[in-house]
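Position one of the sequence shown corresponds to residue 1 (this note's numbering), numbered consecutively onward.
Everything below concerns the one structure shown next.
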Amino acid sequence: MTTTGLGSVPGDDIREWMRAVLELVDIPFLPELPARPYGDMLSRSVAVLTELAADLQPVGWRLTGGGDARASLDQRRARALLKEDLDVLEEYCDGYEGPLKVQVAGPWTLAATVERPRGDKVLADHGARRDLAQALAAGVEEHLAEVRKRVPGAEVLLQVDEPALPAVLAGAVPTASGWSKHRSVDGPGAVELLSLLTSAAPTVVHCCAARPPIEVFTKAGAGGVAVDVSLLNNAAWDQIAVAVEAGTTVYAGLVATTGAVPDKEQAARPLIQRWRELGLDPELMKQVVITPACGLAAAPSPRDARTRLNLLRAVADVIGDAAEA
1 MTTTGLGSVP
11 GDDIREWMRA
21 VLELVDIPFL
31 PELPARPYGD
41 MLSRSVAVLT
51 ELAADLQPVG
61 WRLTGGGDAR
71 ASLDQRRARA
81 LLKEDLDVLE
91 EYCDGYEGPL
101 KVQVAGPWTL
111 AATVERPRGD
121 KVLADHGARR
131 DLAQALAAGV
141 EEHLAEVRKR
151 VPGAEVLLQV
161 DEPALPAVLA
171 GAVPTASGWS
181 KHRSVDGPGA
191 VELLSLLTSA
201 APTVVHCCAA
211 RPPIEVFTKA
221 GAGGVAVDVS
231 LLNNAAWDQI
241 AVAVEAGTTV
251 YAGLVATTGA
261 VPDKEQAARP
271 LIQRWRELGL
281 DPELMKQVVI
291 TPACGLAAAP
301 SPRDARTRLN
311 LLRAVADVIG
321 DAAEA
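Listed below in structure tokens is the structure:
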């Protein structure tokens with residue numbers, strides 16, 4: 001069984017974290033350090049939008065036009081920080097061969113978060129959200145090509161973070177006035193834009209929700225889904241069971257990101273118990289990847305976050321034993 005993290009970590013030392021992820025998990029990843037200016041998930045994603053310009057307003061990122069020439073100072077700073085992190089990745093992964101994961105916010109989370117030039121979210125405009133998704137897909141392709149160039153031995157895996165997609169599908173994203181909600185998006189529409197990203201590399205879609213839209217993710221071409229096991233309701237488990245039996249890899253978030261650090265049996269128990277209740281073949285547990293429940297940026301300290309990452313392999317061993325029992 002394998003382990004990985006979901007991207008965000010506390011602190012501001014990218015070198016410390018690059019060393020840590022190469023040591024502590026089986027699938028190393030490019031760390032996101034949101035404590036740094038422009039180091040959060042959204043800024044990372046705006047940085048790869050090479051075909052669209054944006055600036056940072058008090059309420060968040062806002063599109064301003066197309067092309068690098070009109071990129072704001074904020075967007076240029078976000079790109080510079082990403083380049084610095086890629087320099088560190090190249091340095092520490094010199095000679096590395098194997099899986100390597102990078103993360104980006106998905107098209108629906110961006111559309112529900114980023115504003116149009118004249119206000120309100122991109123989600124409000126069908127054409128604008130398609131343009132944003134296409135620009136994101138083009139930027140991600142360039143970004144992944146750069147990662148492959150810097151680490152030639154890497155088998156690059158793309159993680160698409162879609163925390164806002166359940167609200168988009170439910171019509172629960174507020175408009176700018178706050179008095180109403182944006183119209184819901186149907187499943188086929190969600191699949192259409194998300195699938196623009198899944199052709200760039202093997203893809204896992206991450207969504208921490210009680211009922212993540214697993215079927216949307218798999219229909220869009222994702223080979224893996226990342227979930228917080230502690231949040232899942234019965235309907236979500238039913239979808240996961242179908243996905244697992246169809247060959248989808250489940251990135252099971254089992255180690256809490258805050259609070260007391262659990263022991264390995266305590267962390268593994270919810271997955272093993274549900275697997276048995278659903279009557280799934282124990283052998284299928286071997287295609288599960290063990291992760292923290294979500295990103296670790298909220299952990300109280302870098303030391304605490306490293307402890308939680310270090311626990312993942314022990315949890316994987318417990319689940320591996322259950323799969324062979």
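Glycine residues also receive a C-beta, built at the ideal position from the N, C-alpha and C atoms.
Three-state secondary structure assigned by DSSP to residue i
i       : result
Tyr-92  : helix
Leu-132 : helix
Thr-257 : coil
Gly-224 : strand
Ser-199 : coil
Ser-8   : strand
Asp-87  : helix
Pro-34  : coil
Val-335 : Residue 335 lies beyond the stretch modelled for the chain, which goes from 1 to 325, so this question has no answer here.
Glu-141 : helix
Leu-158 : strand
Pro-174 : strand
Thr-218 : helix
Ala-124 : helix
Ala-78  : helix
Val-205 : strand
Thr-109 : helix
Ala-297 : coil
Val-250 : strand
Residue i - containing alpha helix (DSSP H), residue span
i       : result
Thr-291 : That residue, Thr-291, is in no alpha helix (DSSP H); its beta strand (DSSP E) goes 288–292.
Glu-23  : 14–24
Leu-403 : Any property of residue 403 remains undetermined from this structure, which presents the chain solely from 1 to 325.
Ala-268 : 264–277
Cβ neighbour criterion (16 or more within 10 Å) applied to residue i
i       : result
Glu-162 : buried
Val-59  : exposed
Ala-154 : buried
Ser-199 : exposed
His-143 : buried
Gly-39  : buried
Glu-32  : buried
Pro-152 : exposed
Gln-239 : buried
His-206 : buried
Glu-115 : buried
His-126 : exposed
Arg-306 : buried
Asp-228 : buried
Gln-75  : buried
Trp-179 : exposed
Arg-19  : exposed
Gly-330 : Nothing about residue 330 can be reported from this structure: the residues present for the chain run from 1 to 325 only.
Gly-119 : exposed
Pro-117 : exposed
Gly-171 : exposed
Gly-106 : buried
Ala-167 : buried
Pro-34  : buried
CA nearest to the CA of residue i, picked from the options
i       : options                               : result
Asp-85  : Val-122, Glu-146, Pro-117 and Leu-49  : Glu-146
Gly-65  : Asp-74, Asp-55 and Leu-73             : Asp-55
Val-25  : Ile-319, Ala-314, Gly-320 and Arg-148 : Ala-314
Gly-189 : Tyr-251, Pro-213, Val-156 and Arg-308 : Pro-213
Met-41  : Thr-109, Gly-178, Ala-241 and Val-225 : Thr-109
Tyr-251 : Thr-258, Leu-280 and Thr-203          : Thr-203
Leu-82  : Gln-103, Ala-135 and Trp-179          : Gln-103
Glu-23  : Thr-3, Pro-37, Gln-273 and Asp-13     : Thr-3
Val-362 : Pro-117, Ala-323, Asp-304 and Asp-321 : Residue 362 lies beyond the residue range present for the chain, which begins at 1 and ends at 325; the question has no answer from this structure.
Gly-253 : Ala-133, Gln-57, Leu-296 and Ile-14   : Leu-296
Thr-258 : Asp-228, Ala-268, Arg-19 and Pro-300  : Pro-300
Ala-235 : Ser-195, Ala-111 and Leu-278          : Leu-278
Thr-248 : Phe-217, Leu-52 and Asp-87            : Phe-217
Tyr-92  : Val-160, Leu-30 and Arg-77            : Leu-30
Gly-98  : Val-173, Ala-128, Arg-148 and Thr-50  : Arg-148
Leu-132 : Val-242, Asn-233, Ala-53 and Leu-232  : Ala-53
Leu-193 : Glu-265, Ala-246, Leu-309 and Val-160 : Val-160
Ala-241 : Ala-135, Cys-294 and Glu-215          : Glu-215
Pro-286 : Ala-322, Ala-78 and Asp-13            : Before going on, a small fix: residue 286 reads as Lys here, not Pro. Per the Cα distances, Ala-322.
Nearest-angstrom Cβ-Cβ length linking residue i and residue j, presumed shorter than 8 angstroms
i       : j       : result
Glu-329 : Pro-302 : Any answer about residue 329 is impossible in this case: the structure gives the chain only from 1 up to 325.
Glu-90  : Arg-44  : Wrong, their Cβ atoms sit about 17 angstroms apart, outside the cutoff.
Ala-343 : Val-156 : There is no way to answer for residue 343, as the model of the chain reaches only from 1 to 325.
Val-225 : Gly-139 : Contact flag wrong, Cβ pair sits at about 23 angstroms.
Gly-5   : Pro-292 : 6 angstroms
Leu-73  : Pro-28  : Going by Cβ atoms, the distance from Leu-73 to Pro-28 rounds to 32 angstroms, so no, they are not a contact pair.
Ala-164 : Ala-112 : 4 angstroms
Terminal residues of the beta strand (DSSP E) in which residue i lies
i       : result
Pro-212 : First-last for Pro-212: undefined, no H or E at that position.
Trp-61  : 60–65
Asp-317 : Premise fails: Asp-317 lies in the alpha helix (DSSP H), 302–324, not in any beta strand (DSSP E).
Ala-243 : Run containing Ala-243: none in the beta strand (DSSP E); it sits in the alpha helix (DSSP H), 234–245.
Val-104 : 98–105
Leu-56  : 53–57
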